[in-house]
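Asker: My questions will all concern the structure given below.
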Amino acid sequence: MDFQSRARDAVRFPTLLLALLALAACRDGSVPLAPPPVAADVETASDQGLMGTIAFNSNRAGDWELFTMNPDGSGVEEITHNGFRPYFYEASWSPDRKRIAFADNFDIVVMNADGTGLTNLTHSDTIYEFSPAWSPDGRQLAFSRTKGPCACSTDIVVMNADGSGLTQLTDNVPDQWGSFTSDLYPAWSPDGRHIAFTRKVNDSEIFIMNADGSEVRRLTYSGPAILYLGLAWSPNGQRIAFSANRDLAGNYRNRFQIFTMSADGTATLQLTDTSSNANPAWSPNGRHIVFDSDRANGTQVFIMNADGSGVTQLTNDASTNVPLAWNNGS
Numbered sequence: 062m063d064f065q066s067r068a069r070d071a072v073r074f075p076t077l078l079l080a081l082l083a084l085a086a087c088r089d090g091s092v093p094l095a096p097p098p099v100a101a102d103v104e105t106a107s108d109q110g111l112m113g114t115i116a117f118n119s120n121r122a123g124d125w126e127l128f129t130m131n132p133d134g135s136g137v138e139e140i141t142h143n144g145f146r147p148y149f150y151e152a153s154w155s156p157d158r159k160r161i162a163f164a165d166n167f168d169i170v171v172m173n174a175d176g177t178g179l180t181n182l183t184h185s186d187t188i189y190e191f192s193p194a195w196s197p198d199g200r201q202l203a204f205s206r207t208k209g210p211c212a213c214s215t216d217i218v219v220m221n222a223d224g225s226g227l228t229q230l231t232d233n234v235p236d237q238w239g240s241f242t243s244d245l246y247p248a249w250s251p252d253g254r255h256i257a258f259t260r261k262v263n264d265s266e267i268f269i270m271n272a273d274g275s276e277v278r279r280l281t282y283s284g285p286a287i288l289y290l291g292l293a294w295s296p297n298g299q300r301i302a303f304s305a306n307r308d309l310a311g312n313y314r315n316r317f318q319i320f321t322m323s324a325d326g327t328a329t330l331q332l333t334d335t336s337s338n339a340n341p342a343w344s345p346n347g348r349h350i351v352f353d354s355d356r357a358n359g360t361q362v363f364i365m366n367a368d369g370s371g372v373t374q375l376t377n378d379a380s381t382n383v384p385l386a387w388n389n390g391s
C-alpha cells in the first residue's frame, strides 16, 4: 500500500495512523456522557432547514476528488478533476466563501469555490505542508510544516493568504531520547486571537496558543496511545470539537469518537458511541456537527445536533466520503 493510500485510510485504522504520522514526519471535572446515537437514530438524508454548503472528499469518481453538497445531502457537485491527494483530509473555506485551501502533494494550494483557479501557495520538494486553516479575517493561513524531508519535527506556521510572509509559531526539536514532536490540525478561534492544535510526541494532546505563538497551554490530559484527529472551534468560540480514540475519562479505546469540550479544556462531552467517527466540523450557526462514520455501508458523511442527538446520514454509496468544511452559503 503506498503513502497516499495509507493517508486515505488513516482515520479508519488507528494503528495505521500511528505509522502514518511517523512517515509524514520522516517523509517525504468532566461532564456526564451525552446520550449517544444508536442505530435507530440514523435516517436517510432529509431537509432539516439547514443552510450553507459542505465540502467533502470522496473516491466515488475512481480517484480522490473534492465535492460540495447541501447540508441535506442534495446538490452534490464535483469541483476538482485532477486526482488530487487530500493528505490528512483537511481543507478550509475562506471566510468570504470564495476560495478553498487544502494540501496537495504536501504543498498548500488554494482554488476558487467552483474548482477553478488552482494555485500553489507553497513550493517545496523537501519540506511538507498540510492542514491549512484560514484566519477569521481571511488574511492568513495557518498550517503544519515539517522541518525537512526526513526524521523531522513538525511545527505550526502562518503565512499571508497570497503565500507571502511565512512566520513560524512553534519550534519543535527532538528531545534527549530523539523523539520528534508533531504539531498538527491548527484551528483558529472565531475572534482570531488563539489557535488550537494537537501536539504529538509519543501520545498526542490538545494545546492552545495565542495567534502569535505565545503562551502555549495544554488543554487535555489523556492516557497512553491516544491520538487526536481534527479540531473544530464552534462559531461562538465557546467549544472545540475533536475526534479521538479514547473514552470520556481519557482512556484508550480502539475506535475514534466525536467529543466537544469548553475552550479551556473543561466540560468534555462524548457525542458518539457507535462504530468509528471522525473529522467533525461545525455548522455556521453552531447547532450541528458534520462528521464521517463507518456505521453504515463504508465511510459516509453524517450530521448530528451539537449534543449528539438526531444523527442523519447524508451520503450513501460504496465509496469513502470524508467531510472537510461547512460554510454559511450566504
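Taking this note's numbering, the leading residue of the sequence shown gets 62, the next gets one more, and so forth.
Backbone N, C-alpha and C fix where the C-beta goes; we use that ideal spot for every residue, glycine too.
Model, not experiment: these values are computed from the prediction.
So for E151, helix, strand or coil by DSSP?
Answerer: As a working mapping, residue 151 is identified with position 90 in the sequence shown. DSSP places E151 in coil when its eight states are reduced to three.
Asker: How do the stretch 302-316 and the stretch 268-278 stand: do at least 3 beta-carbon pairs fall below 8 Å, yes or no?
Answerer: Contact check between the stretch 302-316 and the stretch 268-278: fewer than three CB pairs, one atom from each, fall below 8 Å, which does not count as touching.
Asker: Can you list the beta strand (DSSP E) stretches of 3 or more residues lying completely in the stretch 305-384, in chain order?
Answerer: 313-323, 338-343, 349-354 and 361-366
Asker: Looking only at C-alpha atoms, which of W294, T281, S295 and G298 sits nearest to R307?
Answerer: For the purposes of this step, residue 307 is taken as residue 246 along the sequence shown, with counting starting at 1. Of the listed residues, the one whose Cα sits closest to R307 is T281.
Asker: Could you give the distance in angstroms between the alpha-carbon of C213 and the alpha-carbon of R260?
Answerer: Taking the first residue of the sequence shown as position 1, residue 213 is located at position 152. Taking the first residue of the sequence shown as position 1, residue 260 is located at position 199. Roughly 14 Å between the two C-alpha positions.
Asker: CB-CB under 6 Å to S344, same chain, minus the five flanking residues each way: which ones, in chain order?
Answerer: Translated into the one-based positions of the sequence shown, residue 344 becomes position 283. W387.
Asker: If you draw a straight line from the alpha carbon of I115 to that of Y246, how long is it in whole angstroms?
Answerer: The residue given as residue 115 occupies position 54 in the sequence shown. The residue given as residue 246 occupies position 185 in the sequence shown. Going from the Cα of I115 to the Cα of Y246 covers about 19 Å.
Asker: Would you mind working out which of D325, N338, Q229 and F352 sits nearest Q299, comparing C-alpha positions?
Answerer: As a working mapping, residue 299 is identified with position 238 in the sequence shown. The shortest C-alpha separation from Q299 is found at D325.
Asker: Report the option in T381, I301, A357 and R356 whose CA atom is closest to the CA atom of I350.
Answerer: For the purposes of this step, residue 350 is taken as the residue at position 289 of the sequence shown. The candidate whose alpha carbon is nearest that of I350 is I301.
Asker: How big is the Cα-Cα spacing for E151 and T333?
Answerer: Translated into positions along the sequence shown, residue 151 becomes position 90. Translated into positions along the sequence shown, residue 333 becomes position 272. Distance between the alpha carbons of E151 and T333: 21 Å.
Asker: For M130, which beta-bridge partners are listed by DSSP?
Answerer: In the sequence shown, counting from the first residue as 1, residue 130 sits at position 69. DSSP output for M130 lists I115 as bridge partner(s).
Asker: Within 10 angstroms of the Cβ of R254, are there 16 or more other Cβ atoms? Answer buried if so, exposed if not.
Answerer: In the sequence shown, residue 254 corresponds to position 193, counting from 1. By the neighbour-count rule (16 or more Cβ atoms within 10 Å), R254 is not buried but exposed.
Asker: By DSSP, does E138 sit in helix, in strand, or in coil?
Answerer: Counting from 1 along the sequence shown, the entry for residue 138 is found at position 77. Of the three classes helix, strand and coil, the one that applies to E138 here is strand, per DSSP.
Asker: Can you name the residues that DSSP bridges to A194?
Answerer: Within the sequence shown, residue 194 is the residue found at index 133, counting from 1. For A194, which the question treats as bridged, DSSP gives the partners A203.
Asker: For the ligand ADP, any of its heavy atoms closer than 6 Å to the Cβ of H255?
Answerer: Ligands displayed in this structure: none; no statement on the ligand ADP is therefore possible.
Asker: Can you give the Cα-Cα distance for V171 and I364, rounded to whole angstroms?
Answerer: Residue 171 sits at position 110 when you count from the first residue of the sequence shown. Residue 364 sits at position 303 when you count from the first residue of the sequence shown. Each residue's Cα considered, the two are about 26 Å apart.
Asker: If you measure between the beta carbons of Y289 and S265, is that distance less than 7 Å?
Answerer: Within the sequence shown, numbered from 1, the residue matching residue 289 stands at position 228. Within the sequence shown, numbered from 1, the residue matching residue 265 stands at position 204. A contact, by the Cβ cut-off of 7 Å.
Asker: Please state if the CB of F258 and the CB of I287 are separated by a distance shorter than 7 Å.
Answerer: Here residue 287 refers to the residue found at position 226 when the sequence shown is read from its first residue. Here residue 258 refers to the residue found at position 197 when the sequence shown is read from its first residue. Taking the C-beta atoms as reference points, F258 is found no nearer than 7 Å to I287.
Asker: Around the Cβ of G136, are there at least 16 other Cβ atoms within 10 angstroms (buried) or fewer (exposed)?
Answerer: Your numbering for residue 136 matches position 75 in the sequence shown. The residue in question, G136, is exposed, as its Cβ has fewer than 16 Cβ neighbours within 10 Å.
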